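S.K.: Residue numbers (the numbering used here), protein chains in the order written: chain A, 1 to 1106; chain B, 10001 to 10509. For glycine and all other residues, C-beta sits at the position ideal for the given N, C-alpha and C. Remember, predicted model here, so these are calculated numbers, not experimental data.
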Amino acid sequence: MNKKLKPEDTYASLLTKLLRIMRLMILMFILGINSLLAASGYSQSTKITLKMSDTRIEDVLNQIESKSEFFFLFNQKQIDVNRKVSIEAKNEKISDILDELFAGTDVKHQVIDRQIVLTTTSITENQQQVKKVTGKVTDSNGGSLPGVSIVVKGTTTGVITDNSGNYTLSNIPENATLQFSFVGMKMQEILVGSKATINVTLAEDAIGLEEVVAIGYGTVRKSDLAGSVSQVKAKDLMKIPSANISQALQGNVAGLWSNQSDRSPGAGVYLSLRGSNSFSGNSPLFIVDGFPIASGGGVEAISPSDIESVSVLKDASSIAIYGARAANGVILITTKAGKLGKSNLEVGVYHGFQSFVNPVKMLNGAELADLRRDAYKNSNVNGGVAVFRSEELEMLSNNQSTNWWDEITGSSRDIGSYQISFTGGTENTRIMVSGNLYNEKGIVNNSGFTRGGIRTNIIQKIKKFTLTSNSNISLMSGSGVTGESILYPASIGNPLAPVRQKNGDYYTMIVGVGNTPWANPVAYNRMIKSSYLEPHITSTLALEYLVFPGLKIKSQLSGEADIWKQNYYVPIKLSSNHVESGRVSDGYAQVSQNVNYNWMSENTISFNKLITNKDQIEALAGFSTQNNRWESLQASASGFTTDLFESYNMGNSTGEARKPASNLQEWSLMSYFGRMVYTRDNKYIITGNFRSDGSSRFGANNKWGFFPSAAIAWKMTEEPFIKSLNFFNDLKLRSSYGLAGNAEAIGVYMTQARLGSSSYNWNGTEAAGYYTSQLSYENLKWETTKQFNAGLDFSILDRRLNVTVEYYIKNTKDLIRSIPILDVSGFQNGYANLGNLENKGLEITLNSVVIDKGVKWNTTLNLAGNKNKLTSLGNGTTQIGTTHWVGQPIGIGARYMIEKIGIWQTTEVAEAAKYGSVPGNVKYRDLNNDQKIDNKDRAFQGNLTPDYYGSLTNNVTYRGFDLNVFATFEQGRDVYNGLNYKLLAGDGYDNHRREILERWTTTNPTNKYPRAALGGSNRSSMTSTEFLEDASFIKLKSVSLGYTLAHPIAQKIGLDNIRFYFTGTNLLTFTKFTGMDPEDGDYSNNARNSPYPIMRILSIGFNAKF
Amino acid sequence: MKAKLYIVLLIWCLVGISCKDYLNESPKTFLTPSNFYTTESDLKMGLNSIYAMPQERYSNMWGAPNWFGWGTDCGQLTPANGWPLHNQIASLRTDFNSSSEIPWYFWDYVYRGVKNANYLIQAIPNVQMDETNKKIIEAQARAFRALFYFDGVRIFGALPLILKPTSDPDALNALTRTPVEEIYNQIIADLKLGAQVLPNKWSSSEDQGRITSGACVALLARVYVTMAGSPLKKTAMWTEAKTILKELVEDKKYGTQYELFTNYSDAFADSNIPGKESVWTVNFTKGTFGQASDVHTNFAPLELYYDSRGGLSRGGGWSNELPTDAFYNSYDKIKDTRFKFTFWTSTADFPDEYADINSSTTGPIVFEKPHIKKFREKTPNDNSQGTGIDHYIIRYADVLLMYAETLNELNDNNSYKYLNMIRNRAGLADFPVKSQSEFRDQILLERAWELCYEGERRFELTRAGKYYELVKKWNTQAGSNVVQGKHELWPIPQREIDINKNITQNPNY
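1) Determine the chain B residues that contact S695 of chain A at a beta-carbon separation under 9 Å, and present them in chain order.
2) If you reduce the DSSP assignment to three classes, tell me which class N10087 of chain B lands in.
3) Against P10160 of chain B, what residues of chain A qualify as contacts under a CB-to-CB distance less than 8 Å, listed in chain order?
4) Apply the 10 Å Cβ neighbour rule to G323 of chain A and answer buried if 16 or more other Cβ atoms are within range, or exposed otherwise.
5) Tell me which residues share the same chain as I293 of chain A and place their Cβ nearer than 6 Å to its Cβ, disregarding the 5 neighbours each side in the sequence.
6) Starting from the Cα of S474 of chain A, find the closest Cα among A:N436, A:E440, A:P495 and A:I510 and give me that residue.
7) Mind checking the stretch 10047 to 10071 of chain B against chain A and listing, in chain order, the residues whose C-beta falls within less than 7 Å of any C-beta there?
8) Going by DSSP in three states, F89 of chain A sits in which element: helix, strand or coil?
9) Using a C-beta cutoff of 8 Å, does A768 of chain A count as contacting chain B?
10) According to DSSP, is T1002 of chain A helix, strand or coil?
11) Would D10108 of chain B count as contacting chain A if we go by Cβ distances under 8 Å?
12) Measure from the alpha carbon of T9989 of chain B to the alpha carbon of each residue in B:Q10505, B:H10391, B:E10405 and B:D10352, then state which is nearest.
13) For W10449 of chain B, name the three-state secondary structure that DSSP assigns.
14) Which residue marks the beginning of the alpha helix (DSSP H) containing G10402 of chain B, and which one marks its end?
15) Is there a Cβ from chain A that is less than 8 Å from the Cβ of T10466 of chain B?
16) So with Cβ pairs under 8 Å, would you call K703 of chain A a contact of chain B?
17) Under 8 Å between C-beta atoms, does N1089 of chain A make it to chain B?
18) Going by CA-CA distance only, name the one from A:T612, A:A619, A:S606 and A:I563 that's closest to V595 of chain A.
19) To which residues of the same chain is T10226 of chain B closer than 6 Å at the C-beta, ignoring the five residues directly before and after it?
20) With F623 of chain A as the anchor, note down where its alpha helix (DSSP H) starts and where it stops.
21) Here's a check: name, in chain order, each residue in its chain whose Cβ is nearer than 7 Å to the Cβ of P10493 of chain B, leaving out the five neighbours to either side.
22) T134 of chain A: which of A:M1022, A:F180 and A:R114 sits nearest, CA to CA?
23) Using only the alpha-carbon positions, how far apart do S692 of chain A and T860 of chain A sit?
24) For the beta strand (DSSP E) that A1107 of chain A lies in, which residues bound it at each end?
25) May I have the straight-line CA-CA distance separating V10366 of chain B from W762 of chain A, to the nearest angstrom?
26) Taking the alpha-carbon of L10191 of chain B as reference, which of B:G10152, B:A10139 and B:M10237 has the nearest alpha-carbon?
27) When you compare only the Cα positions, how much space is there between S10034 of chain B and K659 of chain A?
28) Of all Cβ atoms in chain A, is any one closer than 8 Å to the Cβ of D10073 of chain B?
29) Does any CB atom of chain B fall closer than 8 Å to the CB of E300 of chain A?
30) Going by DSSP, which residues form a beta bridge with F10341 of chain B?
31) For T119 of chain A, count neighbouring C-beta atoms within 10 Å of its own C-beta (all shown protein chains included) and say buried if the count is 16 or more, exposed if not.
32) When you compare the CB of E10206 of chain B with every CB in chain A, is at least one pair closer than 8 Å?
33) Along the stretch 550 to 566 of chain A, where does the CB come closer than 8 Å to a CB of chain B? Name the residues.
34) Apart from the five residues just before and just after I1107 of chain A, which ones in its own chain have a Cβ nearer than 7 Å to its Cβ?
35) At what residues does the alpha helix (DSSP H) containing Y10105 of chain B begin and finish?
36) Going by C-alpha distance, which of B:Y10058, B:W10449, B:Y10149 and B:T10504 is nearest K10335 of chain B?
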């Protein structure tokens, strides 16, 4: 029987359904892949037809490779591949063909599944005792390692481990040494001796010298990198429980500044790479598996555990290939793919418990009452007798006090994350399927965020074609009111105000007498229904064709759909007193929906050729088009007789009809791009890049922008004079210069003229009229950032210390800003590209292996600093409003303020009187000595951005144990904590911080906090240094302790291995900042706003591999 | 192998070719000049917003109905008004300077009007429609552009002349003032097109209120007589004026509809505008669509606004403009019917609507000065909402007086005939034959009696070259402050000079 869903069941049932589908899909894939992997005996069953005459051996081998799945392993020095042969074979087995091919030579062949090893007998000839060795290769966790190459040292004899990590080597001499090597692992050499079984555990290569780094439209070995790219590995992204990738990236990259001022469930983290480039829009471009994401949901929809690596492209030579959108840096996300020969089922689960540890201590009711009495007395208002409402008096007499933060937050809220993934791969098919569910209950009551997703990544080779498909389907949902409308009253809420009135209704005079009632946060929190659903789909399909070895063409189609829908309802009892609903009576319902579609088509051609033994050339060219369509729809209604319908039956409203609103914005981008890399002698690397972007956003006369760049790298360790020093294991000098644009500084349709309406009445008949109300900006174009980068990489002490140092200067020109224009145009303001700014900075990344014995201890330090300066506004303009000044960092206006120099003391009565002040009031510096404190006494104070910031990560492993200690830090950023203007007001109306107990009195002549007084008479209402706080901090961001149950034991319970771990997040913060968290933003003195609480999270979890 | 490569490359390149329009934005959520002006109806809607512009000049800006009456021989500001921006103009205080707000508002009004006209004119050629109708739309837009520039050039002197919409900020900010004569040449060209192309009378009922060939000719006559006077003194223009005024008044070349109402007061009855005295009017509609006029409130008594029996809803207002004593006393108060229709005091010429207030036992309201009741809303006398009384931009009486003036300047004694038409209607006897110069002075006074407070007085004085003399003589508020060679023009807004220092300031500001 078909059970009908009740509306309120929708989320839960959708998620359950999602999980069910996920399980089913995974099962299907497991069955499917297993059957693929089961194929065996290829070498026996495959027959090949060949007919070639007077052909080089090499070409014959290539022909075989292209006609079959075989591939050859041989040493060119031993095998003469240039010898010409003629061969004719019809449906012959590979071994027979090879016998014929090498007849009469000393070349022997050995066929191992699809690998064919060609060797000469000359080396093994004189060995006397030959034997057979078998064994298994595992990683440090006990997991089997397929694909490890095992070579007899000094020969080309070798094999590769099978799917289970097993190998067999026959006919090897006893005195042979076996070399075990695998990408990302340290090579090991073992003397065979008398052993018949050699099991090897390969250790991960901490240095990752041969690490492959994703760059724009390709990958490069880290050692060959000429630009500036920081790569973050999956492991580092999983240090802290993260709802999304922006949270996971915090502190992981030198030069990527993160700031988490919104900590509500699922919220993103502000990321800014190498300083601010623009007045508008500083966010980096996110590219997921080659697809630039255009919707906000697109990045949040990715489960951090699905990510293989993140590359942060920093310098011009890395970003220029993304042209007009890349000036703020590019973050390339590569999701996990199946690995060759390795099938895994992995399950990762963690559960976290969040608690609110409020660093702001508040007064209780009685203390507040004392303060108010003091304030009335000091201000001599109402004859010096404080006024209390009857509810306050009652609370006082009952010795009651309301802690509003406690009322709206919970003591422990959990986070659950569940991830299952399957990976598998043969040479032809590699697959990764994962399902994930992340569920976070917010620390603020009734708030939460959930994401469930399924990802499928497939790579399929069909002859010379390679098909890649990456798809992610996820559903995000969030609920609860978490904004300033409840956080602000929770911060300043009067402790003498009861939560409810006698009649059971919520009490509304949360702010003390004399002020307008501010809504009761508990009522808002409990009664307002707010939730959103956000399904998101991203899918990419790419087809690559190998034209001939070295030349590939690739076509990629990608699409993204992001649908965000919010339902919002303010119940009957609240709506008439609720600002956001527009103060309507009898309930307010609203449904909003935004839909974003983004698609891209991209074609690239790439070429790679060793021209001579010394010169290598790689080239890439591409063409791409992208289009984005954003639509929104909003409907609202008011006037309900019952709260039951919420926003799900708006037709039932009786209030005045409200117009629905809808909108559409489209943009498109067309691009040509290319790259050329020339490598000489593996010593010098020269890279040239360009991209030409045409954007619909640009003005009609400036549709195309061109962004070239170049880089050069010198691997100095390849020079004999450096080698002979025997000091550097690695030494590389790099430099780059180029351009990138910021197209996002131009909003969609911003260059378009607009018509406004102005009707005319022809004697009673209204006639619509239109006129041009906004100028068009045909010349408006992108902002251009020129960047110079110099980098130095070196490894010393047997690669135990690896250092990267980067220095950059960025000059951004053609800043887009509004300028006054002659009103002769009929307009007063227009946009123009006018102004320059500069960012320069230094980044240091340090990796070291401190101890490498039984105990292994690795340390990573990231350190970066950036200086920002507005260098010109054009036209001789020296400032924009009171926000931006030439010669200062952009936005410096927020630090233009008067300076507090103390508190007027009783000995200074006369001096204070000159300023109309009295002892106990805040004393300010009178900069111009005109005996009044006003705008003219302002000066720049403090820093907007940190001097330096970074992180320190320590990894210690011992046997099965691993310990990760992750600390982030920031020095020199000042935050204007204007909330303290309220919380230290000294009037005893709104709640106050406990520090006000140390306020100035005649017996406590402090210079810190002024006297109690009413109406802000104890200090200036202007922004002053009193609340400008040093927000430098060191945070013990996380400590994680894990234990891995290794192979032998794990296998007994049916597992390859399993790691259990315990993580503590936001454990300790060392800071002088007095607000919620030093990552908070500025709040002005009268901002009705407050930060979201900071949570400590304790989590436990496991990762199991089957 | 090479062939294969070429084929592959060719296909790859073909994939890359896409349509040319790919990078063009075509917004659907708002109108742009490029996506909107595609049909005749679109152009007409563009025209509607241009027709609406003079509502600002004659009503909607702060005290706009009084801007060109203040500081003249006829009008002054009530002392009860403390607004600096009003007082600056009314008393020509020294703080009436380039930073004053009203010159800036007016400058902005002129150029918004020009901009709206220019955008429309630019759009016309691209619309597929009947060529004759195209020309008719263009002629209306250009006539209005002429109206805006004519106001601008009379109050600011030389102005940047802009005839095509420009959006390049650099090009815009480089514009400088174009000599007065060049601007007049453009105005004449624009109006001549209207005189030639526009109908004498619109046939369809929904087109009533549109400007006609007669409107353009009348404005052109006003342009000619202005050019003939100060400061250009191009006396040859009197002949030009005579030619077209004769066609308009005597030959009825531009329609037979223009006549004077029998009674002066009839010309201001709501139902009679537009009517036979309307040559060019701006339409207002009571209370609705934001199309209502505020003219009446500007003139209505502040005393009535403050009185408990009054208030805005009982006919109160701002007393923004009051007659100067000299002008008030210049009338033949007994015979001239215009006097009783134009003025009221708390004891005399009280409109019927206020009879109950006047006869109240608590005593009549005391007005400090005589008030102007010419434009009042009678039914009901509620000033809390806008009135629907249309406003004359050019009234036929003005045309007749221009004709009389022109004939006098050309020594044609037919001038008496047209002056006397105006005088006789007002109940005055024929003007006795006098010298040319005495007739000239009489015309200036007669214009004041007939046309006062309709929005032209300042310009009549300046073109007569008597602005300084008459303000000094008759206006006690501005008379001691007025500076010859300065106050004939308003200052160029400082903002514009700040943007382009090549824009010069008017003398003595």
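M.R.: In short, the structure shows the following:
1) The residue labelled residue 695 of chain A in the question sits at position 695 within the first sequence. Per Cβ cutoff of 9 Å: L10023.
2) Counted from its first residue, the second sequence places residue 10087 of chain B at position 87. If DSSP states are grouped into helix, strand and coil, N10087 of chain B belongs with the helices.
3) Within the second sequence, residue 10160 of chain B is the residue found at index 160, counting from 1. The contacting residues are L822 and V824.
4) Taking the first sequence and counting its residues from 1, the one referred to as residue 323 of chain A is at position 323. Counting Cβ neighbours within 10 Å, G323 of chain A comes out buried, since at least 16 surround it.
5) What you label residue 293 of chain A is simply residue 293 of the first sequence in a count that begins at 1. In its chain, beyond the 5 residues on either side, F286 and V299 have a beta carbon closer than 6 Å to the beta carbon of I293 of chain A.
6) Sequence index remark: in the first sequence, residue 474 of chain A carries index 474 (1-based). For the residues A:N436, A:E440, A:P495 and A:I510, the minimum Cα distance to S474 of chain A belongs to A:N436.
7) N10048, S10049, Y10051 and A10052
8) In the first sequence, residue 89 of chain A corresponds to position 89, counting from 1. Strictly speaking, residue 89 of chain A in this sequence is Ala, with Phe absent from that position. The answer is strand: DSSP assigns A89 of chain A an E or B state.
9) Residue mapping note: residue 768 of chain A aligns to position 768 of the first sequence, counting from 1. At a cut-off of 8 Å between beta-carbon atoms, A768 of chain A makes contact with chain B.
10) Stepping through the first sequence from its first residue, residue 1002 of chain A is reached at position 1002. T1002 of chain A: coil per DSSP, three-state reduction.
11) As a position in the second sequence, residue 10108 of chain B is number 108, starting the count at 1. By this cut-off, D10108 of chain B is an interface position.
12) Outside the modelled stretch of chain B, which goes from 10001 to 10509, sits residue 9989 of chain B, for which no answer is possible.
13) As a position in the second sequence, residue 10449 of chain B is number 449, starting the count at 1. Of the three classes helix, strand and coil, the one that applies to W10449 of chain B here is helix, per DSSP.
14) Against the second sequence, residue 10402 of chain B aligns to sequence position 402. Just to set this straight, residue 10402 of chain B is Met in the shown sequence, not Gly. Run containing M10402 of chain B: Y10396 to E10409, per the alpha helix (DSSP H) assignment.
15) Locating residue 10466 of chain B in the second sequence gives position 466, counting from the first residue. Residue 10466 of chain B is actually Lys in this sequence, not Thr. Not one chain A Cβ lies under 8 Å of K10466 of chain B.
16) What you label residue 703 of chain A is simply residue 703 of the first sequence in a count that begins at 1. It does: the Cβ of K703 of chain A has a partner Cβ on chain B nearer than 8 Å.
17) Taking the first residue of the first sequence as position 1, residue 1089 of chain A is located at position 1089. No - not a single Cβ of chain B is within 8 Å of the one on N1089 of chain A.
18) In the first sequence, residue 595 of chain A corresponds to position 595, counting from 1. Among A:T612, A:A619, A:S606 and A:I563, the Cα nearest to that of V595 of chain A is on A:I563.
19) By one-based count along the second sequence, residue 10226 of chain B stands at place 226. Closer than 6 Å at the Cβ level, and outside the excluded window around T10226 of chain B, lie R10463.
20) In the first sequence, the residue the question calls residue 623 of chain A occupies position 623. No alpha helix (DSSP H) holds F623 of chain A; the beta strand (DSSP E) holding it covers D615 to S638.
21) Here residue 10493 of chain B corresponds to residue number 493 of the second sequence, with the count starting at 1. Taken in chain order, the residues that qualify are S10098, P10103, W10104 and W10107.
22) For the purposes of this step, residue 134 of chain A is taken as the residue at position 134 of the first sequence. The candidate whose alpha carbon is nearest that of T134 of chain A is A:F180.
23) Counted from its first residue, the first sequence places residue 692 of chain A at position 692. Counted from its first residue, the first sequence places residue 860 of chain A at position 860. Answer to the nearest angstrom: the Cα atoms are 38 Å apart.
24) Since the first and last residues shown for chain A are 1 and 1106, residue 1107 of chain A lies out of range.
25) Locating residue 10366 of chain B in the second sequence gives position 366, counting from the first residue. Locating residue 762 of chain A in the first sequence gives position 762, counting from the first residue. Just so you know, the alpha carbons of V10366 of chain B and W762 of chain A end up roughly 40 Å apart.
26) Residue 10191 of chain B sits at position 191 when you count from the first residue of the second sequence. Looking at the Cα atoms, B:A10139 is the closest of the given residues.
27) Looking up residue 10034 of chain B in the second sequence gives position 34. Looking up residue 659 of chain A in the first sequence gives position 659. About 27 Å.
28) For the purposes of this step, residue 10073 of chain B is taken as residue 73 along the second sequence, with counting starting at 1. With 8 Å as the cut-off, D10073 of chain B does not count as an interface residue toward chain A.
29) Taking the first residue of the first sequence as position 1, residue 300 of chain A is located at position 300. No, because no Cβ of chain B sits closer than 8 Å to the Cβ of E300 of chain A.
30) For the purposes of this step, residue 10341 of chain B is taken as the residue at position 341 of the second sequence. For F10341 of chain B, which the question treats as bridged, DSSP gives no partner whatsoever.
31) Position 119 of the first sequence holds residue 119 of chain A. Looking at its Cβ environment, which holds 16 or more other Cβ atoms inside 10 Å, T119 of chain A is buried.
32) For the purposes of this step, residue 10206 of chain B is taken as residue 206 along the second sequence, with counting starting at 1. So, interface residue.
33) L551, I553 and S555
34) Residue 1107 of chain A falls outside the range modelled here, since chain A spans only 1 to 1106, and no answer is possible.
35) Here residue 10105 of chain B corresponds to residue number 105 of the second sequence, with the count starting at 1. The continuous alpha helix (DSSP H) containing Y10105 of chain B extends over residues E10101 to A10123.
36) In the second sequence, counting from the first residue as 1, residue 10335 of chain B sits at position 335. When each option's Cα is compared against that of K10335 of chain B, the closest is B:W10449.
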